[in-house]
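The working numbering numbers the first residue of the sequence shown as 69 and each following residue consecutively.
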Amino acid sequence: MMLINKIYYGDYGDREVPGGVQETQVYERAELPLWEVFIRSKQGLDHKHAGSLHAADAQMALENARDVYTRRMEGVSIWVVESKYIHASNPDEADSFYEPANDKVYRHPTFYELPDAVKYM
(Lines of atoms letter the chains of each structure in order from A and count residues from 1; the text may use other names and numbers.)
(Lines give C-alpha, C1' and ligand atoms only; values in the text may rest on other atoms or scores of the structure.)
Protein backbone atom coordinates (compact mmCIF):
# COMPACT_ATOMS: atom_id res chain seq x y z
CA MET A 1 0.00 0.00 0.00
CA MET A 2 1.24 3.49 -0.79
CA LEU A 3 0.22 6.68 1.02
CA ILE A 4 0.30 9.86 -1.02
CA ASN A 5 0.24 13.07 0.98
CA LYS A 6 0.26 16.25 -1.08
CA ILE A 7 2.33 18.98 0.48
CA TYR A 8 2.26 22.34 -1.21
CA TYR A 9 5.02 24.93 -1.37
CA GLY A 10 5.15 26.77 1.95
CA ASP A 11 3.63 23.93 4.00
CA TYR A 12 5.71 22.93 6.99
CA GLY A 13 5.51 19.63 8.86
CA ASP A 14 2.43 19.44 11.08
CA ARG A 15 1.13 22.85 10.10
CA GLU A 16 -2.62 22.81 9.50
CA VAL A 17 -3.71 22.99 5.88
CA PRO A 18 -5.98 25.99 5.04
CA GLY A 19 -9.62 25.03 5.54
CA GLY A 20 -8.61 22.20 7.84
CA VAL A 21 -8.54 19.68 4.98
CA GLN A 22 -5.44 17.65 4.36
CA GLU A 23 -5.23 15.92 1.00
CA THR A 24 -4.28 12.33 1.73
CA GLN A 25 -5.12 9.44 -0.55
CA VAL A 26 -4.21 5.80 -0.17
CA TYR A 27 -3.41 3.78 -3.30
CA GLU A 28 -2.17 0.34 -4.03
CA ARG A 29 0.78 0.67 -6.40
CA ALA A 30 -1.17 -1.07 -9.18
CA GLU A 31 -4.14 1.29 -8.70
CA LEU A 32 -2.36 4.49 -9.71
CA PRO A 33 -3.79 5.61 -13.05
CA LEU A 34 -1.57 5.55 -16.13
CA TRP A 35 -1.11 8.93 -17.84
CA GLU A 36 0.15 9.60 -21.37
CA VAL A 37 2.50 12.57 -21.67
CA PHE A 38 2.69 14.89 -24.69
CA ILE A 39 5.40 17.57 -24.98
CA ARG A 40 5.60 20.57 -27.31
CA SER A 41 9.26 21.36 -27.83
CA LYS A 42 8.92 24.87 -29.32
CA GLN A 43 6.21 27.45 -29.88
CA GLY A 44 4.21 26.72 -33.02
CA LEU A 45 5.08 23.03 -33.17
CA ASP A 46 2.68 20.23 -32.33
CA HIS A 47 2.71 18.14 -29.17
CA LYS A 48 4.48 14.78 -29.49
CA HIS A 49 3.98 11.71 -27.35
CA ALA A 50 6.90 11.52 -24.92
CA GLY A 51 5.92 8.53 -22.79
CA SER A 52 3.75 7.34 -19.94
CA LEU A 53 3.79 7.55 -16.16
CA HIS A 54 1.69 6.62 -13.15
CA ALA A 55 0.29 9.39 -10.95
CA ALA A 56 -2.56 9.90 -8.49
CA ASP A 57 -4.11 12.88 -10.29
CA ALA A 58 -3.59 15.33 -13.16
CA GLN A 59 -1.54 17.82 -11.15
CA MET A 60 0.85 15.11 -9.97
CA ALA A 61 1.06 13.77 -13.53
CA LEU A 62 2.01 17.24 -14.82
CA GLU A 63 4.67 17.70 -12.16
CA ASN A 64 6.12 14.22 -12.71
CA ALA A 65 6.08 14.72 -16.50
CA ARG A 66 7.94 18.01 -16.07
CA ASP A 67 10.54 16.32 -13.88
CA VAL A 68 10.96 13.24 -16.06
CA TYR A 69 10.57 14.49 -19.64
CA THR A 70 11.75 18.13 -19.59
CA ARG A 71 14.84 18.07 -17.39
CA ARG A 72 16.97 19.86 -19.98
CA MET A 73 14.47 22.56 -20.99
CA GLU A 74 13.17 20.48 -23.92
CA GLY A 75 9.57 21.69 -23.71
CA VAL A 76 7.38 24.75 -23.60
CA SER A 77 4.08 22.93 -23.01
CA ILE A 78 3.01 19.63 -21.44
CA TRP A 79 -0.26 17.75 -21.86
CA VAL A 80 -1.19 14.75 -19.72
CA VAL A 81 -4.15 12.53 -20.56
CA GLU A 82 -5.34 9.64 -18.47
CA SER A 83 -4.86 6.55 -20.63
CA LYS A 84 -8.39 5.27 -20.06
CA TYR A 85 -9.71 8.27 -22.02
CA ILE A 86 -7.68 7.51 -25.16
CA HIS A 87 -9.46 5.45 -27.78
CA ALA A 88 -7.60 4.11 -30.80
CA SER A 89 -8.36 2.09 -33.89
CA ASN A 90 -7.22 -1.51 -34.07
CA PRO A 91 -4.26 -1.97 -36.50
CA ASP A 92 -5.54 -5.45 -37.39
CA GLU A 93 -8.75 -3.89 -38.73
CA ALA A 94 -7.05 -1.15 -40.78
CA ASP A 95 -8.27 -2.49 -44.15
CA SER A 96 -11.95 -2.36 -43.21
CA PHE A 97 -11.58 0.81 -41.16
CA TYR A 98 -9.94 2.91 -43.89
CA GLU A 99 -11.50 1.20 -46.91
CA PRO A 100 -14.51 3.58 -47.26
CA ALA A 101 -12.17 6.46 -48.15
CA ASN A 102 -10.75 4.64 -51.19
CA ASP A 103 -13.89 5.16 -53.29
CA LYS A 104 -13.99 8.93 -52.71
CA VAL A 105 -11.48 10.11 -55.29
CA TYR A 106 -12.50 13.73 -54.80
CA ARG A 107 -10.64 13.61 -51.47
CA HIS A 108 -7.34 12.92 -53.19
CA PRO A 109 -5.34 15.88 -54.51
CA THR A 110 -4.97 14.18 -57.90
CA PHE A 111 -8.71 14.66 -58.55
CA TYR A 112 -8.31 18.42 -59.03
CA GLU A 113 -6.56 20.11 -61.92
CA LEU A 114 -4.50 23.14 -61.04
CA PRO A 115 -4.55 26.21 -63.28
CA ASP A 116 -1.28 27.21 -64.89
CA ALA A 117 -1.24 30.42 -62.81
CA VAL A 118 -0.74 28.37 -59.64
CA LYS A 119 2.95 27.62 -59.16
CA TYR A 120 4.86 25.58 -56.63
CA MET A 121 1.98 23.54 -55.32
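Where is the CB? At the ideal position from N, CA and C, for every residue including glycine.
Just so you know, these numbers come straight off a predicted model, no measurement behind them.
Minimum Cα-Cα distance from E142 among the listed residues K110, P177, D184, L100 corresponds to K110. Of the other Cβ atoms in all chains shown, 16 or more fall within 10 Å of the Cβ of A129; this residue is therefore buried. With contacts defined as CB atoms closer than 9 angstroms, H117 and R108 fail to qualify as a contacting pair. By the neighbour-count definition (other C-beta atoms within 10 Å, threshold 16), V136 is an exposed residue. DSSP, reduced to helix, strand and coil, places E150 within a strand of the structure shown.
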